[in-house]
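Here is the structure we will look at, set down as structure tokens.
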Amino acid sequence: MRRLLARRDAKSCVKESMENILSKIPPFEPGSVWLLGAGPGDLGLLTLYAVEGLRQADVLVYDALVSREILDLTGPNCVLEYAGKRGGKPSAAQQDISDRLVTLAREGKKVLRLKGGDPYIFGRGAEEVLTLKANDIPFRVIPGISSGVGGLAYAGIPLTHRSTNSAATFVTGHDANGDVPNVQWEHIAKGSPVIVIYMGMKHIRTIAEKLISFGRSENEPVAIIANATLANQQVLTTTLATAADDVAKSSIKPPALIVVGQVVDLHDQLDWFTSNATATVGGHSG
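This is the structure:
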């Protein structure tokens, strides 16, 4: 009987703490900015800070890749301002977005800057925070699950596995001018068993050729993941040699992640989310 009562008491404590946890999150003060990562898209991957920030914000300044479902979590009086940036399309200048955050905060608003994924992983969040800091605007940075982690998990591809790799590299697929970034591709090719490339679809052929030229096998497994964690997620498995041609034949469109490495071979076994919607084209069916 004592053990049964103890279990009930423990469950009550857990329930009570879950009900009160949002109230323990620091208040969203007027005149401040929360820079928040919305994760890769699935609502369930939002943090508790994110949910509370969305509920309390007076103004939401959001990016192109934030879903309607997440925007709908805002309060009834929250003003939504679009500040999306998409490659090759008209978009606001980065400094204009940063300055807008300062202006809104100085008006006494609770300003939520919402970015897809994580604001500090290829999200230009640091540039916005530097502007806030220079203007003495209070801010809080709330991390989100990056697509390079969450997107891989939903595609059945572990970022690491002890039988394949003890290191992984995140790299952007284009620089500030939209060109292939001037990174040490030779060192990445030779030193990183797994390479996760963000925003690389435009230059997938050039990147694959660079990796092959620096010693990666033409037959190395590659996965391209589009709409990661969403109901319309697509996963294309291929190889370095055939990736560009297979993408051209497929229905996959950017934005998408490119994953290079033997962990892609685990996709068939670990795919729990899109096993019935996986696109496999070309010479590799990992």
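At position 95 of the sequence shown the residue is numbered 75 (the working numbering), and the sequence of numbers has no breaks. For each residue, glycine too, the CB sits at the ideal point set by N, CA and C.
Rounded separation between residue 148 and residue 168 - CA only:
9 Å
Using the beta-carbon count (16 or more within 10 Å), is residue 22 buried or exposed?
buried
Can you tell me which of the three DSSP states residue 125 falls into?
coil
When burial is assigned at 16 or more other CB atoms within 10 Å of the CB, is residue 99 buried or exposed?
buried
Span separating the alpha-carbon of residue 125 from that of residue 250:
20 Å
Apart from the five residues just before and just after residue 252, which ones in its own chain have a Cβ nearer than 7 Å to its Cβ?
136
For the beta strand (DSSP E) that contains residue 192, what are its first and last residues?
Taken as a continuous stretch (DSSP letters only), residue 192 belongs to no beta strand (DSSP E), being part of the alpha helix (DSSP H) at 184 to 193.
Please state if the CB of residue 39 and the CB of residue 89 are separated by a distance shorter than 8 Å.
yes
Pull up the distance between the alpha-carbon of residue 94 and that of residue 109, whole angstroms please.
13 Å
Coarse secondary structure for residue 82, derived from DSSP in three states
helix
Take the Cβ of residue 163 as the centre, count every other Cβ of all protein chains shown within 10 Å, and call the residue buried at 16 or more, exposed below.
exposed
Residue 50: first and last residue of the uninterrupted alpha helix (DSSP H) it sits in:
48 to 51
Counterpart residues of residue 109 in DSSP-defined beta bridges
The partner list for residue 109 (beta bridge, DSSP) is empty, contrary to what the question assumes.
Per DSSP, residue 132 is paired with what?
For residue 132, which the question treats as bridged, DSSP gives no partner whatsoever.
Since residue 243 is in the alpha helix (DSSP H), which residue starts that stretch and which ends it?
Residue 243 -> no alpha helix (DSSP H), and no H or E assigned at all.
Quick check: the Cα distance between residue 175 and residue 246, rounded to an integer number of angstroms?
15 Å
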